[in-house]
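Following the numbering used here, the numbering of the sequence shown begins with 1 at its first residue and continues without gaps. Take a look at the structure set out below.
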Amino acid sequence: MRNDLRSHGLWELSAPPAPATVALAGDVEADVAIVGAGYTGLSAALHLASAGVSVVVLEAEEVGFGGSGRNVGLVNAGLWVMPEDVIEGLGPVHGPRILRLLGDAPSVVFDLVARHGIACEAEHVGTLHCGVGRAGLASLKERERQWRRLGAPVRLLDPGETREMVGSGVYEGALLDARAGTIQPLAYARGLAGAALVAGARVHTASPVVSARQEGGWWRLRTEAGSVRAPKVIVATNAYTHADIGGLWPEIREELIHLPYFNIATVPLDAAQLRSVLPKKQGAWDTKEVLTSFRLDRAGRLVIGSVGALRGTGLAVHRQWASRALARIYPQLAGVGFESEWFGSIGMTVDDLPRLHLLAENVVSISGYNGRGIAPGTVFGRVLADFARGVVSEAELPLPVTRAVPARARRAREAMYEYGSAAVHLVTARL
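Written out as structure tokens, the structure reads:
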């Protein structure tokens with residue numbers, strides 16, 4: 001796996017080694033073929049193999065190459081949009097159904113970590129959504145109201161409590177969600193792969209799918225050196241569809257607006273600094289449109305992130321912004337050095353809701369996680385496994401089955417995300 005500005009930075013440096021895998025060679029058969037070795041594909045493989053189903057995973061690069069190995073590592077419940085907006089967008093059947101599923105999703109992640117002994121720096125201590133100004137605080141109050149109506153263990157902290165738990169006085173309040181937590185994201189992906197292999201799944205890396213064709217009711221997925229023949233296919237490539245399966249099923253990519261997101265990690269903080277920065281180890285992010293996220297890793301590095309791509313002129317802009325943002329939120333860390341940086345893509349949809357598609361007969365896909373990939377990806381993988389096994393019918397799925405619709409002005413929106421975030425960070429870095 002490449003460890004450069006486009007890759008996995010700190011997570012590659014600190015994760016346990018990936019389980020041994022090889023490229024597919026020769027022709028094999030399985031009950032289910034999965035394209036993509038991220039959270040969704042690996043969770044599906046683990047649940048299928050644990051149920052005695054023969055499954056083969058094909059990954060173009062390495063385990064966790066896409067968003068699963070690049071994200072912040074916040075294991076959050078629900079979606080970015082508020083519960084009432086989810087119900088409005090998905091309707092009275094699927095809306096409450098997906099809220100129940102994703103409300104419990106962090107517990108599924110932490111249960112899998114414990115059950116399979118996955119070494120991924122798991123901290124099941126909640127997360128903090130931090131309010132910026134009056135508008136940010138009002139948004140958190142409304143989010144708290146809606147989740148509490150559903151029985152969720154969320155609580156809006158007052159400014160004093162927020163200062164104590166965040167270690168900073170710049171926020172008006174923070175919403176503590178006890179369901180949530182943090183992990184080392186690439187380590188979790190590798191742990192899922194290891195668990196799936198132990199359960200009997202076959203995982204082949206460096207095996208991009210170059211063609212897919214139906215043959216007598218089965219699908220044959222060809223790679224450069226072999227093929228998998230299976231009656232059912234799960235496509236789990238999300239924002240990295242273009243990298244994983246070339247020109248196949250382009251509607252997945254065309255429906256998503258790719259938002260770049262970067263992270264920059266400090267050197268390990270000393271003991272005195274750690275006592276005043278996120279002392280209870282919650283991960284956090286704020287309510288700004290061009291948001292800031294921050295969390296600690298097990299070694300005491302503070303990882304700060306935001307919207308943007310670390311390339312071209314954006315590289316210097318975002319680096320400068322990170323230094324100023326760090327000093328603004330945590331003045332006690334002014335001058336602390338950075339040691340690692342990386343970025344990736346988030347698959348956004350026009351309404352911030354995920355999509356479930358039947359791409360062809362017996363070919364299913366879920367995509368568009370909109371920045372909530374760890375817990376949703378894990379439980380969606382389980383759902384797709386149950387659907388492939390026939391345990392769950394189409395009528396029982398948590399999302400409606402829809403046709404992929406290309407996002408209007410997709411490339412313009414992607415450019416706006418990249419260059420707009422750089423403009424915002426350029427201005428704020430100079431304030």
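Each residue gets a CB set at the ideal place from its N, CA and C atoms; glycine is no exception. Keep in mind the model is a prediction, meaning the values are calculated, not measured.
With L259 and Y417 assumed to form a contact (beta carbons below 8 Å), what rounded beta-carbon distance in angstroms separates them?
Stepping through the sequence shown from its first residue, residue 259 is reached at position 259. Stepping through the sequence shown from its first residue, residue 417 is reached at position 417. Going by Cβ atoms, the distance from L259 to Y417 rounds to 5 Å, so yes, they are a contact pair.
Could you check whether the region 79-93 touches the region 189-205, counting it as contact only if at least three pairs of C-beta atoms, one from each stretch, sit closer than 8 Å?
Contact between the region 79-93 and the region 189-205 is absent, because fewer than three Cβ pairs lie under 8 Å.
Less than 9 Å between the beta carbons of A37 and G103, yes or no?
Along the sequence shown, read from residue 1 onward, the residue named residue 37 stands at position 37. Along the sequence shown, read from residue 1 onward, the residue named residue 103 stands at position 103. The answer is no: Cβ separation not under 9 Å.
Do you know how far the Cα of V277 is from the Cα of G167?
Residue 167 sits at position 167 when you count from the first residue of the sequence shown. Residue 277 sits at position 277 when you count from the first residue of the sequence shown. Straight-line Cα distance between these residues: approximately 5 Å.
Any idea which residues DSSP pairs S323 with across the strands?
Position 323 of the sequence shown, counted from the first residue, corresponds to residue 323. Its beta-bridge partners do not exist; DSSP assigns none.
CA-CA distance, Q146 and R155?
Position 146 of the sequence shown, counted from the first residue, corresponds to residue 146. Position 155 of the sequence shown, counted from the first residue, corresponds to residue 155. The alpha-carbon atoms of Q146 and R155 are separated by roughly 11 Å.
Hey, V55 and V32: beta-carbon distance below 9 Å or not?
Indexing the sequence shown from 1 puts residue 55 at position 55. Indexing the sequence shown from 1 puts residue 32 at position 32. Yes. Within cutoff.
Can the beta-carbon of G381 be found less than 9 Å from the beta-carbon of L186?
Here residue 381 refers to the residue found at position 381 of the sequence shown. Here residue 186 refers to the residue found at position 186 of the sequence shown. Not closer than 9 Å, so no.
Quick check for students: name the residue ranges of the alpha helix (DSSP H) that lie wholly in the region 129-158, counting only runs of 4 or more.
You should have 133-149.
Output needed for G420: all residues of its chain with C-beta closer than 6 Å, excluding positions within five of it in sequence on either side, in chain order.
Numbered from its first residue, the sequence shown carries residue 420 at position 420. Correct list: empty, nothing qualifies.
Per DSSP, which residues does F343 bridge with? Please list them.
Start at 1 with the first residue of the sequence shown, and residue 343 comes out as number 343. Its beta-bridge partners are F262.
Considering only the alpha carbon of each residue, which of A284, R355, A360 lies closest to C130?
Stepping through the sequence shown from its first residue, residue 130 is reached at position 130. When only C-alpha atoms are compared, the closest one is A284.
Check whether the region 254-270 touches the region 41-61, counting contact only when three or more Cβ pairs, one atom from each stretch, lie closer than 8 Å.
Result no; under three Cβ-Cβ pairs closer than 8 Å.
Just verifying my parser: in three-state terms, what is the DSSP assignment at Q184?
Position 184 of the sequence shown, counting from 1, holds the residue named residue 184. In the structure shown, Q184 sits in coil (DSSP, three-state: anything other than H, G, I, E or B).
Taking only three categories from DSSP, how would you classify Y41?
In the sequence shown, residue 41 corresponds to position 41, counting from 1. A small fix is needed here, since residue 41 is Gly in this sequence, not Tyr. DSSP places G41 in helix when its eight states are reduced to three.
Is the separation between the beta-carbon of A432 and that of I264 shorter than 9 Å?
Only positions 1 to 431 of the chain appear in this structure, which leaves residue 432 out of reach.
Under three-state DSSP, which class holds A189?
The count along the sequence shown starts at 1 and reaches residue 189 at position 189. It is helical.
I need the DSSP call for A230, collapsed to helix, strand or coil.
Here residue 230 corresponds to residue number 230 of the sequence shown, with the count starting at 1. Strand at A230.
Taking 6 Å as the limit between beta carbons, can you name the residues of its chain near L353, skipping five residues before and five after?
On the sequence shown, position 353 is the one that residue 353 refers to. Only G89 meet the Cβ criterion.
If contact is defined by three or more beta carbon pairs under 8 Å, each pair taking one atom from either stretch, is the region 308-323 in contact with the region 201-212?
Touching, no, given that fewer than three Cβ pairs across the two stretches are closer than 8 Å.
Do Y261 and V132 count as a contact pair if the criterion is CB distance below 9 Å?
As a first step, residue 132 must be located in the sequence shown, where it is residue number 132. As a first step, residue 261 must be located in the sequence shown, where it is residue number 261. Result no, Cβ atoms of V132 and Y261 do not sit closer than 9 Å.
Using 10 angstroms around the beta-carbon of W11, count the other beta-carbons present and answer buried if the total reaches 16, otherwise exposed.
What you label residue 11 is simply residue 11 of the sequence shown in a count that begins at 1. Answer is buried; the Cβ neighbour count reaches 16.
Mind checking A385: buried by the 16 CB within 10 Å criterion, or exposed?
Taking the sequence shown and counting its residues from 1, the one referred to as residue 385 is at position 385. By the 10 Å Cβ count, A385 comes out buried.
Cutting at 7 Å between CB atoms, please list the residues of its own chain near A105, excluding the five before and the five after it.
As a position in the sequence shown, residue 105 is number 105, starting the count at 1. Closer than 7 Å at the Cβ level, and outside the excluded window around A105, lie A77, A375, P376, T378, V379.
Distance check for G300 and D270, CA to CA, integer angstroms please.
Reading the sequence shown from its first residue, position 270 is the one you call residue 270. Reading the sequence shown from its first residue, position 300 is the one you call residue 300. One C-alpha to the other measures close to 8 Å.
Taking its Cβ as the centre, do 16 or more other Cβ atoms sit within 10 Å of E142, making it buried, or is it exposed?
Within the sequence shown, the letter at position 142 stands for residue 142. Burial call: exposed.
How many angstroms separate the CA atom of Y171 from the CA atom of L326?
As a position in the sequence shown, residue 171 is number 171, starting the count at 1. As a position in the sequence shown, residue 326 is number 326, starting the count at 1. Rounded to whole angstroms, Y171 to L326 spans 14 Å at the Cα level.
Where does T182 land, buried or exposed, given buried means 16+ other C-beta within 10 angstroms?
Your numbering for residue 182 matches position 182 in the sequence shown. T182 is buried by the Cβ-count criterion.
Do H357 and R298 have their C-beta atoms within less than 9 Å of each other?
Numbered from 1 along the sequence shown, position 357 holds the residue referred to as residue 357. Numbered from 1 along the sequence shown, position 298 holds the residue referred to as residue 298. Contact flag unset, no.
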